[in-house]
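To start, the structure under review is shown below, and the notes come after it.
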Amino acid sequence: MAETHRGLGIGAHNPDLALQLLWEPDIVVVGEAASGEEALANAAAWNADVIVMDVLMPGGIDGIEATRRLKRSLPHAQIIVLSGYSDDARVIGALRAGAITYVEKDSEPEQLLEAVRGAAQGRAIFEPGLMQRVVQAQTMRHNDVLTEREGEVLKLLAEGLTNAEIAARLFVSEETVKTHVANILRKLGLAHRTQAAVYAIRNGWIG
8 MAETHRGLGI GAHNPDLALQ LLWEPDIVVV GEAASGEEAL ANAAAWNADV IVMDVLMPGG
68 IDGIEATRRL KRSLPHAQII VLSGYSDDAR VIGALRAGAI TYVEKDSEPE QLLEAVRGAA
128 QGRAIFEPGL MQRVVQAQTM RHNDVLTERE GEVLKLLAEG LTNAEIAARL FVSEETVKTH
188 VANILRKLGL AHRTQAAVYA IRNGWIG
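Start counting the sequence shown at 8; every next residue gets the next number (the numbering used here).
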């Protein structure tokens with residue numbers, strides 16, 4: 008059976024974390040960053056499937072803000088936010104920024120590995136203790152569930168623009184728009200863009 012190697016980027020000031028992940032045969036660590044600024048500067052070159060992002064890092068950009076910016080520039084990358092704190096504000100802030108899941112630093116190593124492997128497949132795997140907060144985040148108003156960029160794409164989609172037209176309007180590639188549309192459908196539990204357009208109209212995204 009062929010091994011599946013998942014490219015992993017690490018935005019964390021934590022050498023032990025990289026060492027732990029390097030031992031996994033199905034995970035390839037493609038880059039590390041010790042600050043939010045460094046992660047933003049290098050993430051495109053990493054071309055990682057999954058990025059583990061520490062909430063607290065040296066520098067002026069924390070992990071949640073770095074996650075928000077990375078999801079705009081690299082929407083295909085799945086980001087796991089890692090933190091020593093699990094208060095509601097941080098959990099929900101990470102999810103709003105575009106993280107696929109949130110893992111506590113004192114979790115068992117297997118929990119992080121499971122989250123990485125799940126994220127590589129587009130699945131959000133949470134620790135049982137965090138599930139209630141995830142439900143809270145997912146049942147908030149629609150504009151809190153989607154990232155800011157996804158909201159922009161949904162609005163334009165509801166106005167009848169094609170992917171190519173949306174790409175031109177937002178100055179991004181058509182492939183990036185396709186990724187945003189796929190994320191919108193997944194988050195809202197919809198099957199196709201027509202349903203997304205109807206959803207947007209009914210929920211006040213366009214006048």
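In this text, a Cβ means the ideal position worked out from N, Cα and C, and glycines have one as well.
| query | At which residue ranges does the stretch 62 to 111 contain complete alpha helix (DSSP H) runs of 4 or more residues, listed in the order of the chain? | reply | Qualifying alpha helix (DSSP H) stretches, in chain order: 70 to 80 and 95 to 104.
| query | What is the DSSP secondary structure of glutamate 44, reduced to helix, strand or coil? | reply | As a position in the sequence shown, residue 44 is number 37, starting the count at 1. Looking at glutamate 44 - three-state DSSP - the assignment turns out to be helix.
| request: Could you tell me which of Pro32, His83 and Lys112 sits nearest to valine 57, measuring between CA atoms? | output: As a position in the sequence shown, residue 57 is number 50, starting the count at 1. Cα-wise, what sits closest to valine 57 is His83.
| Are isoleucine 87 and valine 59 close, meaning C-beta to C-beta below 9 Å? | As a working note, residue 87 is residue 80 in the sequence shown. As a working note, residue 59 is residue 52 in the sequence shown. The answer is yes: Cβ separation under 9 Å.
| query | From leucine 24 to serine 180, what distance separates their C-alpha atoms? | reply | Counting from one through the sequence shown, the residue named residue 24 turns up at place 17. Counting from one through the sequence shown, the residue named residue 180 turns up at place 173. Those two C-alpha atoms are separated by around 34 Å.
| field | Cβ-based neighbour list, isoleucine 17, same chain, cut-off 8 Å, excluding 5 preceding and 5 following | value | Taking the sequence shown and counting its residues from 1, the one referred to as residue 17 is at position 10. Contacts found: Leu24, Ala25, Leu28, Val36, Gly38, Glu39, Ala40, Ile58 and Val59.
| said: Could you compute how far the alpha carbon of glutamate 72 sits from the alpha carbon of alanine 104? | reply: As a working note, residue 72 is residue 65 in the sequence shown. As a working note, residue 104 is residue 97 in the sequence shown. Whole-angstrom Cα-Cα distance: 7 Å.
| query | Tell me which same chain residues have a C-beta within less than 6 Å of the C-beta of glycine 91, skipping the five on either side of it? | reply | Indexing the sequence shown from 1 puts residue 91 at position 84. When the five nearest sequence neighbours on each side are left out, the beta carbons in the same chain lying within less than 6 Å of the beta carbon of glycine 91 are those of Lys112, in order along the chain.
| message | Is the beta carbon of alanine 165 closer than 9 Å to that of alanine 127? | response | Here residue 127 refers to the residue found at position 120 of the sequence shown. Here residue 165 refers to the residue found at position 158 of the sequence shown. 9 Å or more divides the Cβ of alanine 127 from the Cβ of alanine 165.
| field | valine 62 versus glycine 70: straight-line alpha-carbon distance, rounded | value | Stepping through the sequence shown from its first residue, residue 62 is reached at position 55. Stepping through the sequence shown from its first residue, residue 70 is reached at position 63. The alpha-carbon atoms of valine 62 and glycine 70 are separated by roughly 4 Å.
| Hey, leucine 89 and valine 152: beta-carbon distance below 9 Å or not? | Within the sequence shown, numbered from 1, the residue matching residue 89 stands at position 82. Within the sequence shown, numbered from 1, the residue matching residue 152 stands at position 145. Taking 9 Å as the Cβ cut-off, leucine 89 and valine 152 do not qualify as a contacting pair.
| task | Along the alpha helix (DSSP H) that carries threonine 154, what are the first and last residues, could you check? | result | Here the question's residue 154 lines up with position 147 in the sequence shown. Premise fails: threonine 154 is in no alpha helix (DSSP H) and is neither H nor E.
| query | In angstroms, rounded to a whole number, what distance separates the CA positions of arginine 148 and serine 42? | reply | By one-based count along the sequence shown, residue 148 stands at place 141. By one-based count along the sequence shown, residue 42 stands at place 35. No answer about arginine 148 holds up, because its pLDDT of 47 lies below 50 and its placement is not dependable.
| Quick one: is histidine 187 buried, meaning 16 or more other Cβ sit within 10 Å of its Cβ, or exposed? | Reading the sequence shown from its first residue, position 180 is the one you call residue 187. Buried, because 16 or more other Cβ atoms sit within 10 Å of the Cβ of histidine 187.
| query | Sorted by chain position, which residues of the same chain lie with C-beta nearer than 7 Å to threonine 108's C-beta, five sequence neighbours on each side aside? | reply | Taking the sequence shown and counting its residues from 1, the one referred to as residue 108 is at position 101. If you ignore the 5 residues before and after threonine 108, its C-beta comes within less than 7 Å of the C-beta of Ile87, Ala122, Ala126, Ala131, Ile132 and Phe133, all in its own chain and listed in chain order.
| message | Quick check: leucine 102 and isoleucine 68, are their CB atoms within less than 9 Å of each other? | response | As a working note, residue 102 is residue 95 in the sequence shown. As a working note, residue 68 is residue 61 in the sequence shown. A distance of 9 Å or more separates the beta carbons of leucine 102 and isoleucine 68.
| request: Taking all protein chains shown into account, decide if asparagine 54 is buried (16 or more other Cβ within 10 angstroms of its Cβ) or exposed. | output: Position 47 of the sequence shown holds residue 54. Per the 10 Å Cβ criterion, exposed.
| task | In angstroms with no decimal places, state the Cα-to-Cα distance between alanine 189 and lysine 78. | result | Position 182 of the sequence shown, counted from the first residue, corresponds to residue 189. Position 71 of the sequence shown, counted from the first residue, corresponds to residue 78. The straight-line gap from Cα to Cα measures roughly 14 Å.
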